[in-house]
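Numbering (our numbering), first residue to last: 16 to 284. Note that CB positions come from ideal geometry on N, CA and C, so glycine has one too. Every value quoted in this text rests on a predicted model; they were computed, and no experiment measured them.
As structure tokens, this is what we get:
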């Protein structure tokens, strides 16, 4: 099988890959007198074009429509809005009770990893909760929500200081889960908010302390290797702990000096 040689995989793995592609209608199978011949379907061509253009949202849409497991996963995350692994598994087991499809913890995490890579879902790096990652604009009440999260984290820290410097990575993970927004959107909104409220909000560039670095999970990403056209994936907890960058400098902490702040979307959208 040419696939084995091209991708340097075992015969069994190549066969499993082809059968799965047939099952979700990316390939069609034609029986011949020697061995089956596989042809890319229209869906498969669209899928390939989306990968080549790195349109991961389109890739996710096709998988959600064609793959029962991936589709069930994203539907469950959308319905629950945010949930830990155990709650999500219970939801999937209930929803799929009378279908041929089943889930276990490993299966949910595997499908979830692909949802993260394709940008369809995000996972709180500190708690492990899954939530939809919408590409919609940050809401106009972003500043109020950020202050609420800031207060919650300040109380958790157990230090009663009015000018408490709190970890931006922690603020980002909690706020993104609450708003179901992307980390990139949060970064842009936070920088805009600080620029609009100079003297009231302060960014600090101090290195992260040990307590702020204990993220349990890394950010999963996907990219196209342009030299050979293959897809590569990566995972890094370092990306989770990155602060926000402004004028070439990284900031890792936020302090609130005055709560009377305003937020205008147009300044950064």
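Limits of the unbroken beta strand (DSSP E) element including residue i
i, result
"residue 234", "234-240"
"residue 260", "259-261"
"residue 264", "264-266"
"residue 137", "136-138"
Residue i versus residue j - alpha carbon distance
i, j, result
"residue 38", "residue 193", "36 Å"
"residue 142", "residue 45", "47 Å"
"residue 285", "residue 131", "The chain is shown only over 16 to 284; residue 285 falls outside these bounds and no answer can be derived."
"residue 202", "residue 60", "35 Å"
"residue 51", "residue 27", "15 Å"
"residue 121", "residue 104", "10 Å"
"residue 205", "residue 114", "44 Å"
"residue 84", "residue 102", "17 Å"
"residue 71", "residue 65", "7 Å"
"residue 78", "residue 213", "45 Å"
"residue 126", "residue 275", "43 Å"
Whether residue i touches residue j by CB criterion (8 Å)
i, j, result
"residue 208", "residue 157", "yes"
"residue 165", "residue 221", "no"
"residue 133", "residue 74", "yes"
"residue 53", "residue 98", "no"
"residue 32", "residue 41", "no"
"residue 215", "residue 273", "yes"
"residue 249", "residue 240", "no"
Limits of the alpha helix (DSSP H) - the one that residue i falls within
i, result
"residue 147", "Per DSSP, residue 147 belongs to no alpha helix (DSSP H); it is in the beta strand (DSSP E), 145-147."
"residue 98", "It is not in any alpha helix (DSSP H) - residue 98 carries neither H nor E in the DSSP assignment."
"residue 36", "26-38"
"residue 205", "198-211"
"residue 63", "57-67"
Heavy atom of the ligand NAD within 7 Å of residue i beta-carbon
i, result
"residue 29", "This structure lacks the ligand NAD, and indeed carries no ligand of any kind."
Buried versus exposed call for residue i [16 or more other C-beta atoms within 10 Å across all chains shown]
i, result
"residue 62", "buried"
"residue 177", "Note that residue 177 has pLDDT 47, beneath the 50 cutoff, so the model's placement of it is unreliable and the number below is only indicative. Exposed, because fewer than 16 other Cβ atoms sit within 10 Å of the Cβ of residue 177."
"residue 36", "buried"
"residue 235", "buried"
"residue 139", "buried"
"residue 159", "exposed"
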